[in-house]
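This report refers to the structure that appears directly beneath it.
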Amino acid sequence: MMRFSFVDFDYISTMKMEIVKGRDFSREISSDSVSGVIVNEAAVKAFGWSDPIGRRIVGDPYYEVIGVVKDFHFFSMHVEIQPLVMMIAPARFRYLVAKTAPGVIPDAVEDVKEAWGEFLVDRPCDYSFLDQYFEQMYEGEENLGRSF
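The sequence shown runs 346 to 493 under my numbering.
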């Protein structure tokens, strides 16, 4: 069982993921956006690979592993890290991730809303902040910790 994440060329660097083998997606290599995938260490372990680079994953027709990222929690820290396959698939994008400096957040939000409106006229721009998401996710634990 694998989780799939549909990302863009800058996702790995934006999220500051560490590539432990192979390389990141490249706009200069056309096959990256068609058949290239990056997996996490948990996927490498699940497949039982000692050298994952160049390995193929069944697909239409197949996907080829170009890189491996260090494992990271993409759910709660209490959930075991699961195997993950990341691929470039713009037709399946559902979210936009933007990184900004703390002092320019209101301007950045307005810029994103404006750009969103140019491309997705029929869909409103609904946004949230990852730091607030993580804060809410662990708020119960912090309250429990304070009680003790």
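We put the CB at the ideal spot given by N, CA and C, even for glycine. Bear in mind that the values here come from a model prediction, so they are computed numbers and not experimental data.
Item, Value
"Backbone CA spacing between Asp396 and Gly367 [nearest angstrom]", "10 Å"
"7 Å CB neighbourhood of Ala388 in its chain, flanking five on each side removed", "Met347, Pro428, Leu429 and Val430"
"C-beta contact flag for Glu409 and Val382 at 8 Å", "yes"
"Backbone secondary structure at Glu463 - three-state DSSP", "helix"
"The stretch 347 to 362 touching the stretch 437 to 450, judged by at least three CB pairs closer than 8 Å", "yes"
"Cβ-Cβ distance between Trp394 and Arg401 below 8 Å", "no"
"Same chain, Cβ closer than 6 Å to Tyr472, five either side skipped, listed in chain order", "none"
"Buried versus exposed call for Val414 [16 or more other C-beta atoms within 10 Å across all chains shown]", "buried"
"Bridge-paired residues (DSSP) for Met432", "Phe351 and Val382"
"Backbone secondary structure at Gly448 - three-state DSSP", "helix"
"Candidates Asp416, Glu373, Pro406 and Leu465: closest to Arg439 by CA position", "Leu465"
"Per DSSP, the bridge partner or partners of Val410", "Val382"
"Limits of the unbroken alpha helix (DSSP H) element including Glu357", "This sequence places Ile at residue 357; Glu is not what is there. Note, Ile357: alpha helix (DSSP H), Tyr356 to Thr359."
"Beta carbon of Ser378 nearer than 8 Å to that of Ile433", "yes"
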